[in-house]
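Q: In my numbering, the protein residues as written are 1 to 171.
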Amino acid sequence: MMNHHVDIVKSHGELQKRVRALGTAITKDYAGKDLVLVGVLNGAFVFLGDLVRSIHTPLAIDFIRLESYIDTHSTGRLRITANLAQSIEEKDVLVVEDIVDSGRTLEFLLPYLRAQNPASLKVCALLSKPSRRTVDVVIDYCGFEIPDVFVIGYGMDFNEKFRNLPNLYAL
Ligand code: IMP
Ligand code: MG
């Protein structure tokens, strides 16, 4: 990392402020509902950790892990490598993602979750790179739109490193 040039894209303070605002909106929208946050591992764990402490209505937390793999026919297919531990049937499910890039992760994940008959299904993503989108996805709660830069920190990695950096940096 020290051999690379890095710029701060969002400081820890900016992230905290925006995450608190998202939490306030979610608190209001989900009052009286049966909320389950589904964090997408690994990237969303830091964001989710801050977000839940800004949501002041009862909620459950679950996680799902997706990995892309290369098969003989194509590249970049997705598979689930760790699944939910609880039923989401009749629950108000909010998927929590670190970043929506091409949109392919959500294109795969949302129908998978919808098939389990949640009462509602929405998406909260800290970051979105609209210019990278190859499939249309609706982000109900979006922290920041950013340009086409590769970012690390605040849960996001480069080769599994740098997730622990408190700020968000561009490589
Ligand atoms: P999508 O399926 O192309 O929308 O990409 C989603 C996943 O790719 C995200 O959840 C991240 O894990 C990863 N990703 C996309 N862009 C970045 C980035 O700039 N930094 C780190 N991870 C990224
Ligand atoms: Mg991710």
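Ideal Cβ positions, reconstructed from N, Cα and C, are used throughout, including at glycine.
Going by the DSSP bridge assignment, what does VAL100 pair with across the sheet?
A: SER128
Q: Kindly give me the distance between the Cβ atoms of LEU37 and LEU48, rounded to whole angstroms, as I take these residues to be in contact under 8 Å.
A: Indeed, because the Cβ distance is near 7 Å, the residues count as touching under 8 Å.
Q: Determine, using beta-carbon pairs with one atom in the region 130-146 and one in the region 96-109, whether at least three such pairs fall under 8 Å.
A: By the Cβ rule, the region 130-146 counts as touching the region 96-109, because three or more pairs are nearer than 8 Å.
Q: Short of 8 Å in beta carbon distance, which residues of its chain neighbour VAL137, apart from the five on each side in sequence? Order them along the chain.
A: The beta carbon of VAL137 lies closer than 8 Å to those of VAL100, GLY103, LEU106, GLU107, LEU110, VAL123 in the same chain, with the five residues before and after it left out.
Q: In chain order, what residues of the same chain have a beta carbon less than 8 Å from the beta carbon of ALA177, not counting five sequence neighbours either side?
A: In this structure the chain extends from 1 to 171, so residue 177 is not present and cannot be described.
Q: May I ask you to check if the CB of GLY43 is nearer than 7 Å to at least one heavy atom of the ligand IMP?
A: Here the distance from the Cβ of GLY43 to the nearest heavy atom of the ligand IMP is below 7 Å.
Q: What do you reckon, are the CB atoms on GLY39 and ILE61 nearer than 8 Å?
A: Pairing GLY39 with ILE61 gives a Cβ-Cβ distance under 8 Å.
Q: Helix, strand or coil: which one does DSSP assign to TYR112?
A: helix
Q: Does the beta-carbon distance from VAL9 to TYR112 come in below 8 Å?
A: no
Q: Apart from the five residues just before and just after THR27, which ones in its own chain have a Cβ nearer than 7 Å to its Cβ?
A: ILE55, HIS56, THR57
Q: What are the boundary residues of the beta strand (DSSP E) that ILE61 is part of?
A: 59-69
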